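Numbering (my numbering), first residue to last: 9 to 197.
Each residue gets a CB set at the ideal place from its N, CA and C atoms; glycine is no exception.
Just so you know, these numbers come straight off a predicted model, no measurement behind them.
Notes follow once the structure below has been shown.
Pasting the structure below:
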């Protein structure tokens with residue numbers, strides 16, 4: 009029995025030792041969204057302040073865990089009045105709910121470089137499970153920093169009504185579906 013316990017402890021330590029952490033390269037990443045206005049046009053925005061990391065022990069990231077946070081007060085649609093309105097209690101209520109978070113619960117390889125990422129998305133005080141499509145665009149060594157880099161594209165759709173965002177805005181004004189989009193680069197720590 010003692011031998012099994014020692015083996016199990018050694019296996020746990022070896023898995024922990026090989027896990028690598030990758031930090032988001034904020035200068036080469038964007039966390040954004042798009043929503044249809046009046047049924048005729050998609051309005052896009054992003055978050056200027058965000059953070060994220062990936063932890064994985066496999067080179068193909070098939071066992072990855074992802075965490076992201078975004079500062080709601082950094083929301084940017086290139087229209088100052090709209091940004092102010094989005095931060096108000098009519099939408100995100102940034103004063104009381106200043107952070108958007110995502111924490112994965114699974115990262116499953118579908119085929120090739122395509123994955124399904126499932127996790128919990130929290131915003132406006134509401135947490136819901138969501139699934140995103142992810143594509144590992146590739147890996148490379150940055151010639152300037154000499155760090156190993158990995159690029160991912162994530163996309164998915166959520167319903168703003170499930171998070172009580174913009175409840176007073178009818179769908180004829182703003183679609184219930186909101187596209188979430190992330191183009192990201194991560195550097196191996």
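Assigned secondary structure, residue i (DSSP; H/G/I helix, E/B strand, else coil)
i: residue 66; result: coil
i: residue 48; result: coil
i: residue 191; result: strand
i: residue 186; result: strand
i: residue 2; result: This structure does not reach residue 2, given that the chain is present from 9 up to 197, and the question cannot be answered.
i: residue 35; result: helix
i: residue 59; result: strand
i: residue 73; result: strand
i: residue 91; result: helix
i: residue 43; result: strand
i: residue 26; result: helix
i: residue 170; result: helix
i: residue 176; result: coil
i: residue 114; result: strand
i: residue 84; result: strand
i: residue 197; result: coil
Cut-off 6 angstroms between Cβ atoms - residues of its own chain near residue i, not counting five sequence neighbours on either side
i: residue 20; result: In this predicted model, residue 20 has a pLDDT of only 47, less than 50, meaning its place in the structure is not dependable; the value taken from the coordinates is given anyway. Cβ within range, chain order: n/a, list empty.
i: residue 162; result: 140, 142, 190
i: residue 51; result: 43, 45
i: residue 38; result: 54, 191
i: residue 58; result: 39, 78
i: residue 130; result: 109
Alpha-carbon to alpha-carbon, residue j and residue i
i: residue 98; j: residue 172; result: 9 angstroms
i: residue 65; j: residue 26; result: 5 angstroms
i: residue 159; j: residue 145; result: 5 angstroms
i: residue 134; j: residue 117; result: 28 angstroms
i: residue 175; j: residue 89; result: 19 angstroms
i: residue 183; j: residue 48; result: 10 angstroms
i: residue 153; j: residue 187; result: 33 angstroms
Residue i vs residue j beta-carbon contact at 8 angstroms
i: residue 115; j: residue 123; result: yes
i: residue 62; j: residue 30; result: yes
i: residue 112; j: residue 67; result: no
Own chain partners of residue i with C-beta closer than 7 angstroms, once the 5 adjacent residues on each side are dropped
i: residue 185; result: 165, 167
i: residue 132; result: 100, 101, 105, 171, 172, 173
i: residue 95; result: 80, 81, 83, 102
i: residue 91; result: 83, 84, 85
i: residue 36; result: 193
Inter-residue CB distance, residue i and residue j (contact presumed, cutoff 8 angstroms)
i: residue 177; j: residue 46; result: So it is not a contact: roughly 11 angstroms between Cβ atoms.
i: residue 150; j: residue 137; result: About 34 angstroms separates the two Cβ atoms, so there is no contact after all.
i: residue 32; j: residue 192; result: 6 angstroms
i: residue 40; j: residue 60; result: Wrong, their Cβ atoms sit about 14 angstroms apart, outside the cutoff.
i: residue 126; j: residue 77; result: The pair is not a contact, with the Cβ atoms about 18 angstroms apart (cut-off 8 angstroms).
Residues near residue i in its chain [Cβ-Cβ closer than 8 angstroms; skip 5 each side]
i: residue 93; result: 99
i: residue 71; result: 64, 65, 115
i: residue 157; result: 33, 147, 148, 149, 150, 193, 194, 195, 196
i: residue 155; result: 149, 195, 196
i: residue 119; result: none
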